[in-house]
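Chemist: This structure is in structure tokens; I'll ask about it shortly.
Protein chains in written order, with this note's numbering: chain A, 69 to 464; chain B, 9 to 171.
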């Protein structure tokens with residue numbers, strides 16, 4: 069038999085997260101407390117779920133148009149106008165996707181020619197690199213530095229640009245670091261993109277979850293609207309991960325090509341989810357605010373608690389992750405995560421699952437109740453003390 | 009009221025067990041100031057007490073919850089407040105509300121036997137001079153109390169590790 073596989077796909081490394089997942093799944097131990105989940109712990113607010121149920125009762129069980137329900141696209145357009153001051157035409161510049169992930173994939177495929185380079189700042193969400201490769205692009209990694217609070221700097225970007233650079237991925241607020249880019253941070257980046265004629269895929273899926281200042285979209289800076297694909301969705305802000313609903317906003321020139329791929333590969337996003345999402349955008353602001361306040365309280369608790377353990381933990385102002393450093397403990401992230409799981413039955417994700425520059429860090433999610441966080445951090449503290457003790461005694 | 013106090017109230021309304029130390033951490037405030045604000049609100053009776061939400065159906069105690077609608081003739085000058093006081097001073101009364109609509113007071117009696125409730129209505133409440141009529145409703149099942157759902161719900165399960 070011939071090899072049934074595509075070389076490109078077969079060569080892709082499976083997500084580093086998968087490894088940790090398998091270890092936890094294999095343990096199958098009810099005592100394991102996981103802080104490894106990248107989705108909200110809240111249920112989707114009831115009025116949104118109710119709208120989904122209602123749409124089913126009404127028999128709205130058909131495909132929608134490829135780009136999504138016009139009613140929803142109008143609400144998305146209003147929402148973006150309200151939040152970022154950006155104007156997108158619902159008829160040609162907005163499309164509804166199956167989660168933000170689909171939007172990342174089709175944006176790459178719509179924009180890349182073989183050999184085009186895509187600059188990806190790491191640590192970051194796991195799919196930018198494989199999506200680039202699958203679209204015949206070449207990923208160029210910028211390892212972000214903790215000393216810069218894991219923000220992308222002007223110098224780092226300039227050093228990564230070559231004549232082949234086509235796209236910059238901007239994943240802020242960031243998973244896994246929780247880092248954000250403010251308007252002041254984005255301005256020099258935008259200037260370089262305009263000057264060097266680089267397009268931006270701005271993944272703003274955590275845009276509603278910032279704790280210091282409101283999120284700023286790079287598309288709102290001078291010269292950027294026409295060269296930016298803004299990706300957002302309902303998963304994180306409205307606790308709607310399982311509904312699989314996201315969206316992309318871009319100039320029609322780009323968006324219409326993305327839509328073509330979506331039309332052939334996906335057809336349309338789930339109809340029930342689209343009706344629920346209309347309700348989310350119309351009446352969901354208070355829910356988002358309540359959840360945001362709750363995340364903020366847990367965020368403060370975790371930063372305080374990790375610092376109290378003597379671990380360096382920069383203060384993240386976005387998403388729902390903290391990214392403490394374990395560099396002083398003489399272990400790799402992977403080793404720490406495995407031993408912590410074996411010793412104390414707490415699951416966290418090693419920073420390296422999000423790129424090599426995540427070495428020495430852990431991603432700890434605070435999409436958990438305060439009680440769960442307390443239980444888990446008590447165990448982590450015990451483990452850290454044990455490791456410190458062993459090091460002091462020369463056993464490590 | 010200042011912003012910090014309002015934040016404190018929002019947190020402890022749902023979790024009165026939280027310590028001042030933890031409260032200060034989650035709000036990003038100074039512990040002493042938080043403790044002071046709580047003490048102030050206790051003193052001025054913004055915080056009136058700390059209760060526990062109990063699902064008594066899970067215990068063996070046999071108890072009923074009654075809601076009584078009361079119509080009254082308000083008294084000149086003293087209005088409703090004086091009457092309300094005559095009612096809420098009875099220790100068996102758990103809550104009293106002045107209502108708009110077809111009746112005047114809504115009274116809740118919790119944790120009594122049927123006999124205690126009927127004795128209270130017949131002997132104490134109905135005999136008050138200004139009370140013109142009462143209508144008693146018994147609660148058959150409590151589904152939600154103070155924002156807490158009292159019936160068991162399956163919680164959707166998240167995968168242990170998700171990117």
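For each residue, glycine too, the CB sits at the ideal point set by N, CA and C. Quick caveat, the model's predicted, so the values are computed rather than measured.
Who are the near neighbours of residue 377(A) in its chain, counting only those whose CB is closer than 6 Å to its CB and skipping five residues on each side?
Modeler: For the purposes of this step, residue 377(A) is taken as residue 309 along the first chain, with counting starting at 1. Same-chain partners within the cutoff: 449 and 452.
Chemist: Could you tell me which chain B residues have their CB closer than 8 Å to the CB of residue 39(A), listed as they occur along the chain?
Modeler: Only positions 69 to 464 of chain A appear in the structure, and residue 39(A) is not among them; the question remains open.
Chemist: Residue 35(B) versus chain A: which residues are under 8 Å apart at the beta carbon?
Modeler: By one-based count along the second chain, residue 35(B) stands at place 27. Near residue 35(B) (Cβ distances below 8 Å), the residues of chain A are 365 and 368.
Chemist: With distances taken between CB atoms, is the gap from residue 237(A) to residue 196(A) smaller than 9 Å?
Modeler: Residue mapping note: residue 237(A) aligns to position 169 of the first chain, counting from 1. Residue mapping note: residue 196(A) aligns to position 128 of the first chain, counting from 1. Contact flag set, yes.
Chemist: Contact check, residue 425(A) vs residue 80(A) under 8 Å by CB: the rounded distance?
Modeler: As a first step, residue 425(A) must be located in the first chain, where it is residue number 357. As a first step, residue 80(A) must be located in the first chain, where it is residue number 12. Wrong, their Cβ atoms sit about 20 Å apart, outside the cutoff.
Chemist: Ignoring anything shorter than 3 residues or poking outside the region 297-367 of chain A, list the beta strand (DSSP E) runs there in chain order.
Modeler: With a minimum length of 3 residues, the continuous beta strand (DSSP E) runs that stay inside the region 297-367 of chain A are 314-317.
Chemist: Out of curiosity, what's the CA-to-CA distance linking residue 282(A) and residue 254(A)?
Modeler: For the purposes of this step, residue 282(A) is taken as the residue at position 214 of the first chain. For the purposes of this step, residue 254(A) is taken as the residue at position 186 of the first chain. Taking the straight line from one Cα to the other gives about 13 Å.
Chemist: Quick one: is residue 392(A) buried, meaning 16 or more other Cβ sit within 10 Å of its Cβ, or exposed?
Modeler: By one-based count along the first chain, residue 392(A) stands at place 324. Flag for residue 392(A) reads buried.
Chemist: For residue 74(A), I'd like the list of residues in its chain whose CB is within less than 6 Å of its CB, leaving aside the five on either flank, ordered along the chain.
Modeler: Counted from its first residue, the first chain places residue 74(A) at position 6. Around residue 74(A): no qualifying Cβ.
Chemist: Using a Cβ cut-off of 9 Å (strictly closer), state whether residue 193(A) contacts chain B.
Modeler: By 1-based counting over the first chain, the position of residue 193(A) is 125. Yes, its Cβ sits closer than 9 Å to a Cβ of chain B.
Chemist: In three-state DSSP terms, what is residue 145(B)?
Modeler: Stepping through the second chain from its first residue, residue 145(B) is reached at position 137. Strand, per DSSP.
Chemist: Check each candidate in 338(A), 461(A) and 396(A) and name the one with the smallest Cα separation from residue 427(A).
Modeler: Within the first chain, the letter at position 359 stands for residue 427(A). Among 338(A), 461(A) and 396(A), the Cα nearest to that of residue 427(A) belongs to 396(A).
Chemist: Under 9 Å between the Cβ atoms of residue 432(A) and residue 369(A)?
Modeler: As a first step, residue 432(A) is located in the first chain; it is residue number 364 there, counting from the start. As a first step, residue 369(A) is located in the first chain; it is residue number 301 there, counting from the start. Contact: no.
Chemist: Which chain A residues are close to residue 164(B), counting only those with a beta carbon under 9 Å from its beta carbon?
Modeler: Within the second chain, numbered from 1, the residue matching residue 164(B) stands at position 156. Simply 111 and 310.
Chemist: One question on the structure: do residue 147(B) and residue 75(B) come within less than 9 Å of each other, judged by their Cβ atoms?
Modeler: Position 139 of the second chain, counting from 1, holds the residue named residue 147(B). Position 67 of the second chain, counting from 1, holds the residue named residue 75(B). A contact, by the Cβ cut-off of 9 Å.
Chemist: In the DSSP assignment, find the unbroken beta strand (DSSP E) run with residue 152(A) in it and report its ends.
Modeler: In the first chain, the residue the question calls residue 152(A) occupies position 84. Careful: residue 152(A) lies outside any beta strand (DSSP E), inside the alpha helix (DSSP H) at 138-152.
Chemist: Quick one: is residue 438(A) near chain B, going by C-beta distance under 9 Å?
Modeler: For the purposes of this step, residue 438(A) is identified with residue 370 of the first chain, where counting begins at 1. Yes, residue 438(A) counts as interfacial toward chain B.
Chemist: What is the rounded straight-line gap between the Cα of residue 422(A) and the Cα of residue 214(A)?
Modeler: Translated into the one-based positions of the first chain, residue 422(A) becomes position 354. Translated into the one-based positions of the first chain, residue 214(A) becomes position 146. Straight-line Cα distance between these residues: approximately 14 Å.
Chemist: Under 9 Å, Cβ to Cβ, is there at least one residue of chain B near residue 246(A)?
Modeler: Here residue 246(A) refers to the residue found at position 178 when the first chain is read from its first residue. No - not a single Cβ of chain B is within 9 Å of the one on residue 246(A).
Chemist: Consult DSSP for residue 425(A) and reduce its assignment to one of helix, strand or coil.
Modeler: Along the first chain, one-based indexing puts residue 425(A) at 357. Of the three classes helix, strand and coil, the one that applies to residue 425(A) here is helix, per DSSP.
Chemist: Which same chain residues end up closer than 6 Å to residue 174(A) when comparing Cβ atoms and leaving out the 5 residues on each side of it in sequence?
Modeler: If you number the first chain from 1, residue 174(A) lands on position 106. Closer than 6 Å at the Cβ level, and outside the excluded window around residue 174(A), lie 326, 329 and 330.
Chemist: If contacts are defined as beta-carbon pairs under 8 Å, then residue 314(A) and residue 127(A) qualify, I think. What distance do you get, rounded to the angstrom?
Modeler: Numbered from 1 along the first chain, position 246 holds the residue referred to as residue 314(A). Numbered from 1 along the first chain, position 59 holds the residue referred to as residue 127(A). Not a contact, Cβ separation roughly 25 Å.
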